[in-house]
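Engineer:
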Amino acid sequence: MSRTDGRPTRKSRVTQATLVRKARALLAYKPADVSPQRRVQRRYTMRLWSVRHARFLEWFYARFADLFLTLHPLWNAIGYRRAEKPVKFVERNVKGLMFDCRMCGQCILSSTGMSCPMNCPKQLRNGPCGGVRANGNCEVEPDMPCVWVKAWEGSQKMRNHDAILAVQKPVDQSLRETSAWLRVTAQATAQREKARETA
Ligand code: SF4
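Numbering (my numbering), first residue to last: -13 to 185.
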C-alpha cells in the first residue's frame, strides 16, 4: 500500500527497480555491457579509428581522388549535375560511417588528421576553443573527445602533417548537402585545363 504523498510505506518497500532486477535474473540473455557511458563512447569508435589510421586514409584518399579525376570524362558525359545524386548518396554513407560527416561540402579532412571539424558543437574550423577539458574532451559534450585534440593527433601521423596549420576559410553554408568529391574533381580538372592552355 502506498501513502497518499506517493512514497511507499515501510511494508511496501519493493521498488520498481527491484522488480526489474528480479525479472532480469530470470532471462537467459545477459548483455555484456549495459553501461550508458560505454554506449555513448562507442558512438565515436569509427571516427577515432579513422584518426588512428590517418596516414593510411591520407594515402588511400590520394589514390581515390586520382581515380575520380581520371573518371572526369565519364562525369562530363553523364553531366556533373546528374552524377551528383548517386555520388552524394555514396559519399554521405561512406563518410558518415567513417568520420560522422555532416556533408558541409567543403571537406578538409586531409588537413585535420581525418577528424571532421563539423562534429565540433561550435563548428570551429581553425582549432579548438578554450573549453577543452583536462581529459581532452569537449566542454559542450563531456563524453566526446574534442575533435581538434583528435585532429592534432591524426595530423601528426600524416605525411602532410603541416596542413593543419593552414588557416581555413569560414564555412560556405550554401555548399551544404553537396558533394565535396565532385567539387574537388571539377576544380582539379579546371586547374589542369588552365595549366594546359597556359603551356
Ligand atoms: S569536413 Fe565537411 S565534407 Fe568533410 S567529413 Fe566533415 S562535414 Fe563531411
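Ideal placement from N, C-alpha and C gives every residue a C-beta, glycine not left out.
Predicted, not measured: the structure shown is a model, and the values here were computed from it.
(1) Relative to the alpha-carbon of Trp35, which residue among Phe75, Met100, Val157 and Trp138 has its alpha-carbon at the smallest distance?
(2) Could you check whether Ala40 and Met104 sit closer than 7 Å to each other, using their CB atoms as the reference points?
(3) Given 6 Å as the limit, tell me if Cys90 has its C-beta closer than that to any heavy atom belonging to ligand 1.
(4) At a threshold of 6 Å, does Leu168 count as lining ligand 3 (C-beta to nearest heavy atom)?
(5) DSSP beta-bridge partners for Asn123?
(6) Assuming Trp61 and Thr164 form a contact by the criterion Cβ under 8 Å, report the distance between their Cβ atoms to the nearest whole angstrom.
(7) Starting from the C-beta of Val126, find all residues in its chain whose C-beta is less than 8 Å away, skip the five residues before and the five after it, and write them out in chain order.
(8) For a test of the three-state rule: what should DSSP assign to Met(-13), helix, strand or coil?
(9) Output the residue ranges of the beta strand (DSSP E) runs that lie fully inside the segment 41 to 115 and measure 3 residues or longer, sorted by chain position.
(10) Nearest by alpha-carbon distance to Asp129: which of Val0, Lys8, Arg29 and Thr4 is it?
(11) Using 8 Å for Cβ pairs, my map puts Phe44 next to Ser96. What's the rounded Cβ distance?
(12) Tell me whether the beta-carbon of Leu161 lies closer than 7 Å to the beta-carbon of Gly91.
(13) With DSSP as the reference, label Gly140 as helix, strand or coil.
(14) How is Glu163 classed by DSSP in three states: helix, strand or coil?
(15) Alpha carbon to alpha carbon, how far is Arg119 from Tyr66?
(16) Grab me the residues of Pro114's own chain with a C-beta within less than 6 Å of its C-beta, minus the 5 sequence neighbours each way, in chain order.
Structural biologist: In terms of the structure at hand:
(1) Against the sequence shown, residue 35 aligns to sequence position 49. Of the candidates Phe75, Met100, Val157 and Trp138, the one whose C-alpha sits nearest the C-alpha of Trp35 is Met100.
(2) Here residue 104 is taken as the residue at index 118 of the sequence shown, counted from 1. Here residue 40 is taken as the residue at index 54 of the sequence shown, counted from 1. Contact check for Met104 against Ala40 fails: the beta carbons are separated by 7 Å or more.
(3) Position 104 of the sequence shown, counting from 1, holds the residue named residue 90. At least one heavy atom of ligand 1 is nearer than 6 Å to the Cβ of Cys90, so yes.
(4) Only ligand 1 can be found as ligands here, which leaves ligand 3 out of the picture.
(5) Here the question's residue 123 lines up with position 137 in the sequence shown. Asn123 is bridged to Pro131.
(6) To locate residue 61, count along the sequence shown from 1; it is residue 75. To locate residue 164, count along the sequence shown from 1; it is residue 178. About 14 Å separates the beta carbon of Trp61 from that of Thr164, a gap too long to meet the 8 Å contact definition.
(7) As a working mapping, residue 126 is identified with position 140 in the sequence shown. For Val126, where only same-chain residues beyond five positions count, the Cβ hits under 8 Å are Pro107, Lys108 and Gly117.
(8) Position 1 of the sequence shown, counted from the start, is the residue given in the question as residue -13. Summary for Met(-13): the model assigns pLDDT 44, below 50, so the residue's position carries little reliability; its value from the coordinates is reported in the next sentence. DSSP places Met(-13) in coil when its eight states are reduced to three.
(9) none
(10) Mapped onto the sequence shown, residue 129 falls at position 143. Of Val0, Lys8, Arg29 and Thr4, the residue nearest in Cα terms is Arg29.
(11) Numbered from its first residue, the sequence shown carries residue 44 at position 58. Numbered from its first residue, the sequence shown carries residue 96 at position 110. According to the sequence provided, residue 44 is Glu. The question's Phe does not apply to it. The pair is a contact, with the Cβ atoms about 6 Å apart (cut-off 8 Å).
(12) In the sequence shown, residue 161 corresponds to position 175, counting from 1. In the sequence shown, residue 91 corresponds to position 105, counting from 1. Yes, Cβ-Cβ distance for Leu161 and Gly91 is below 7 Å.
(13) As a first step, residue 140 is located in the sequence shown; it is residue number 154 there, counting from the start. It is helical.
(14) Position 177 of the sequence shown, counted from the start, is the residue given in the question as residue 163. The answer is coil: DSSP assigns Glu163 none of H, G, I, E or B.
(15) Residue mapping note: residue 119 aligns to position 133 of the sequence shown, counting from 1. Residue mapping note: residue 66 aligns to position 80 of the sequence shown, counting from 1. Roughly 44 Å between the two C-alpha positions.
(16) Stepping through the sequence shown from its first residue, residue 114 is reached at position 128. Closer than 6 Å at the Cβ level, and outside the excluded window around Pro114, lie Cys132 and Trp134.
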